[in-house]
Amino acid sequence: MSTKIYKVLMLHGHGQSADIFKPKTRYVRNVLRTLSNEMDFEFHYLSGVLSAYPDDSDLKDQRVWGYGEPENDKINGLEKSIEHILDALDQDGPFIGIVGFSSGAAMTAIVASILEKRTPICGVSWKRRHPQLRFAICLSGFKLKNKSYEAFYFPKIITPMFHAVGELDATVSPTQTRNLARCCFSPWFYEFFGGHYVPQSKDFLGFSQSLKSFLTAALGLSERVQESWVDIDIVDEKLKRKAPFLPCMSSNRQLR
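Right, here's the structure in full:
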């Protein structure tokens with residue numbers, strides 16, 4: 001049986017680049033590559049279109065997705081960055097999923113939402129052909145909380161989405177990542193003992209097992225495992241309901 005190749009887009013964090021982000025995600029790549037003998041993955045690393053320092057656009061290894069404070073501000077350059085990502089999806093795709101870290105994770109959730117809604121929202125035009133993603137992986141992600149971005153998060157994002165954050169993360173707090181997870185219809189949440197980084201070394205075993213279980217369900221690789229997850233409670237600030245697809249997995253098995 002021939003192996004099919006699936007493309008995954010990789011989005012770096014604030015002040016990084018494609019080249020800097022690549023070695024930080026080798027363990028994530030390994031999880032995907034060992035999922036199935038019938039699937040192979042090709043990873044495309046995309047650098048942000050904006051310089052970390054607006055007065056010096058030549059800093060190729062220090063790129064950002066926007067300028068501003070995510071808890072309050074309208075983010076300058078956000079629409080340009082979204083168009084940059086959507087262009088990459090159309091030109092180099094199709095992509096089965098996106099992996100993002102920190103601000104790249106925030107962008108991952110936004111792009112997943114746009115591909116679902118398929119209509120102009122929050123100042124972003126719609127003229128795309130790329131299909132909805134099969135999965136999204138948000139590592140130390142967060143929500144943009146300015147009211148002008150509410151349409152990115154409501155209705156809730158239905159793309160299967162894995163969220164991970166370090167308990168000691170001083171850059172993106174676990175609360176910020178939980179707030180993003182609550183914008184998803186059925187989030188998968190993993191919290192590890194660590195800081196602002198992609199889990200590696202001793203953190204990796206539990207992270208990789210959780211991520212592999214998520215991907216197995218999201219990609220339909222094990223119907224038996226999927227069925228065992230149905231009806232596990234998801235706790236939301238305003239709504240408690242039964243999850244039709246994925247459970248929340250954190251240290252206490254619920255979003256606090």
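Using the UniProt record's numbering, the first residue of the sequence shown is number 1, and each one after it goes up by one. All C-beta atoms in this analysis are idealised placements derived from N, C-alpha and C, irrespective of residue type, glycine included.
{"Asked": "Check residue 71 in the structure and name its three-state DSSP category.", "Found": "coil"}
{"Asked": "Which of helix, strand or coil does DSSP assign to residue 173?", "Found": "coil"}
{"Asked": "Beta strand (DSSP E) containing residue 5: first to last residue?", "Found": "4-11"}
{"Asked": "At what residue ranges does the segment 14-67 contain a whole run of the alpha helix (DSSP H), taking only runs of 4 or more?", "Found": "18-24 and 26-33"}
{"Asked": "Are residue 142 and residue 7 close, meaning C-beta to C-beta below 7 angstroms?", "Found": "no"}
{"Asked": "In whole angstroms, what is the alpha-carbon distance linking residue 215 and residue 42?", "Found": "16 angstroms"}
{"Asked": "Ordered along the chain, which non-local residues of its own chain (more than five positions away) have a Cβ less than 6 angstroms from that of residue 153?", "Found": "183"}
{"Asked": "Return the CA-CA distance between residue 161 and residue 120, expressed in angstroms with no decimal places.", "Found": "22 angstroms"}
{"Asked": "Going by the CB atoms, is the gap between residue 140 and residue 169 shorter than 7 angstroms?", "Found": "yes"}
{"Asked": "Which value, in whole angstroms, describes the spacing of the CA atoms of residue 136 and residue 55?", "Found": "33 angstroms"}
{"Asked": "Going along the chain, which residues of its own chain have a beta-carbon closer than 6 angstroms to the beta-carbon of residue 78, five neighbours each way excluded?", "Found": "66"}
{"Asked": "List in chain order: all unbroken beta strand (DSSP E) runs of 3+ residues lying wholly within the segment 154-221.", "Found": "161-166 and 188-192"}
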